[in-house]
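Same order as they appear, the protein sequences are chains A and B.
For the first sequence, the working numbering gives the first residue as 2, with consecutive numbering after it.
For the second sequence, the working numbering gives the first residue as 170, with consecutive numbering after it.
Think of the CB as a built atom: it goes at the ideal place given N, C-alpha and C, for glycine as much as any other residue.
In what follows, a structure is listed as structure tokens, so that the remarks can point back to it.
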Amino acid sequence: MVTTRGGAPAASPPAVVDRIRRLAGEVVDPEIPVLTIEDLGILRDARVDAFGHVEIDVTPTYSGCPALDLIRADVAQRVRDAGYPNVTVNVVLSPAWTTDWMSDAGRRKLREYGIAPPRARDAGMTLLQLAVECPVCGSAHTGEVARFASTPCQALRRCAGCAEPFHHFKEH
Amino acid sequence: MNTVAADPAGAYTLRHADDCLMLSHRLAEWSSRAPTLEEDVALTNIALDLLGQARALYTRTAELDGTGRGEDDYAFLREEREFVNCLLVEQENGDFATTVVRQLLFSTYQLETWKALSASTDTTVAAIAAKAVKEVTYHLDHATQWTLRLGDGTAESHRRMQAALERLWPYTSELFETDAATDELVARGVAADPALLRIAWTACVEPVLREATLEPASTSWTPTGGRRGLHTECFGYMLAEMQHLHRSHPGARW
């Protein structure tokens, strides 16, 4: 929350914060460009203080995620381009990111892109759906080939139905 | 120069940062050389996780030790005797069995460490640890699967795994050493208690080895010194390779 003290200008109206959050949230993940950082759930907060200084919090998916530096730069640039020159993009580690923060839109976009989305979990961390479905043919008969793949957040699987190999955005 | 009082916790986080960096570098040496493409990707992914953990820990170390150093200063501009990683992580990759055994022994230690540090009174360390728990869980799972397959595999894979275990086992005792500074940090709730880590580590490693039909080495030789900057011979060569580019081109940027 923005607090104002005597003499300071009024806090920015919520509409400004919403706009900045929306702008920042539209930045795409450079490694999986169908997903925005809002879809991924790594945009944690946006604040504007009484002096127009914008602060944005992002959290990494994995500690070593090489995309994070680029994402921070893209967020700062986008907010500056929108007329807010004074921007800080913080990295916050706690609470640790989880795929449970991925939006439904993000899961749908991943599937359409050919990557099996992370399965949803309930509050007790139990998977709500047991099979990882093939993003190509929808078959539930798929098997893990390797737990690590082209990015830290994905695993490699193969479909027994259509024989296609595919990536699975693993639950984390 | 240095006006901020150094917190001894900085020396503690530096040990863990150096563990992460050095194992990351060793695993990255497998890039393009692993037995299969999937393993190439797995080992370098694990290396990347460890590099990320190292970066966060160096940043925290700089806040604690008050030196204002950056991540690169710690990684590239310190001398061999200033590195305080354990000896286990610097050991050469050897064959794939040696790398798998090192991963099993170290990932188990690291997972128990991060679990304990998730409750550290240093909230930044706790946040780094809580995130790392999720990553190292995968690393340990990877090492466990391979230990079972190769240990209880063919006569040749078993022989290599047993040889690797005998070579690396002596280096595990150093992981659970303590000293006055660590004891004080344990009392403050900042550090993990090495004695408790040893109990948890043993309870996790022994059943895996048993199922893999492997025997822990019986030896009274317990090499030590890494936490005080005294390293094994292979360390200097690794450091030279890791640092030479940065030192040859001071200040160069991408």
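Would you please verify whether the beta carbon of L286 of chain B is less than 7 angstroms from any beta carbon of chain A?
no
Beta carbon proximity, A147 of chain A to chain B, threshold 7 angstroms:
yes
For the alpha helix (DSSP H) containing A144 of chain B, list its first residue and its last residue.
What the structure shows of chain B is the stretch from 170 to 423, and residue 144 of chain B is not part of that stretch, so it cannot be assessed.
Members of the region 225-237 of chain B that neighbour chain A once the beta carbon cut-off is set at 7 angstroms
A225
In chain order, what are the residue ranges of uninterrupted beta strand (DSSP E) at least 3 long that sit wholly in the region 17-93 of chain A?
44-49, 55-59 and 88-92
Members of the region 207-220 of chain B near chain A, C-beta cut-off 9 angstroms
E207, E208, V210, A211, L212, T213, N214, I215, A216, L217, D218, L219 and L220
Would you kindly report the start and end of the unbroken alpha helix (DSSP H) that includes G320 of chain B?
T292 to G320
May I have the straight-line CA-CA distance separating A288 of chain B from A295 of chain B, to the nearest angstrom?
6 angstroms
Work out the CA separation of R184 of chain B and H413 of chain B for me, nearest whole Å.
22 angstroms
Pairs of beta-carbons, one from the region 139-150 of chain A and one from the region 22-40 of chain A, closer than 8 angstroms: are there three or more?
no
Can you tell me where the beta strand (DSSP E) with H168 of chain A in it begins and where it stops?
P166 to F170
Closest Cα partner of A244 of chain B within the set B:H415, B:W423, B:L206 and B:V359
B:H415
Okay, do the region 221-235 of chain B and the region 57-74 of chain A touch, 3+ Cβ pairs below 8 angstroms being the bar?
yes
Going along the region 293-319 of chain B in order, which residues come within less than 9 angstroms of chain A, judged by CB to CB distance?
T293, A295, A296, I297, A299, K300, A301, V302, K303, E304, Y307, D310, H311 and Q314
Of all the residues that make up the region 262-281 of chain B, which are near chain A by a beta-carbon distance shorter than 7 angstroms?
none
Determine the burial state of Y181 of chain B: buried for a count of at least 16 other Cβ atoms within 10 Å of its Cβ, exposed for fewer.
buried
Apart from the five residues just before and just after D321 of chain B, which ones in its own chain have a Cβ nearer than 6 angstroms to its Cβ?
A381 and T382
Can you tell which of A:P31, A:D30 and A:A47 has its C-alpha closest to the C-alpha of R23 of chain A?
A:A47
Separation of L157 of chain A from P166 of chain A, as counted between CA atoms:
7 angstroms
Take V355 of chain B and list the residues in its own chain whose beta-carbon comes closer than 6 angstroms to its own, dropping the five residues that flank it on each side.
D362
What residue range does the beta strand (DSSP E) around R158 of chain A cover?
Q155 to C160
N- and C-terminal bounds of the beta strand (DSSP E) containing V137 of chain A:
Segment: none, V137 of chain A is in no beta strand (DSSP E) and carries neither H nor E.
Taking 7 angstroms as the CB-CB limit, is A97 of chain A close to chain B?
yes
Using beta carbons (cut-off 7 angstroms, strictly below), is G65 of chain A in contact with chain B?
yes
Measuring only between beta-carbons, confirm whether L41 of chain A sits less than 7 angstroms from chain B.
no
My output table needs one value for L246 of chain B: the three-state DSSP class, helix, strand or coil.
coil
Separation of R122 of chain A from G139 of chain A, as counted between CA atoms
20 angstroms
From the DSSP output, read off the bridge partner residues of L365 of chain B.
In the DSSP output, where bridge partners are listed per residue, L365 of chain B has none listed.
Beta-carbon within less than 6 angstroms of L219 of chain B's beta-carbon, same chain only, minus the 5 sequence neighbours each way: which residues are those?
C189, L192 and S193
Inter-residue Cα distance where the pair is L319 of chain B and W283 of chain B
27 angstroms
Using only CA atoms, which one of B:W199, B:M330 and B:Y406 lies nearest to R217 of chain B?
Checking the sequence shown, residue 217 of chain B turns out to be Leu, not Arg. Ranking B:W199, B:M330 and B:Y406 by Cα distance to L217 of chain B puts B:W199 first.
Cβ of Q412 of chain B less than 7 angstroms from any chain A Cβ?
no
Using 8 angstroms for Cβ pairs, my map puts T277 of chain B next to C373 of chain B. What's the rounded Cβ distance?
5 angstroms
Spatial neighbours of E249 of chain B in its chain, beta-carbon cut-off 8 angstroms, leaving aside the 5 residues before and after:
G398, H400, F404, G405 and L408
If I measure Cβ to Cβ from W102 of chain A and keep anything under 7 angstroms in the same chain, skipping five residues before and after, which residues do I get?
G42
So for A180 of chain B, helix, strand or coil by DSSP?
helix
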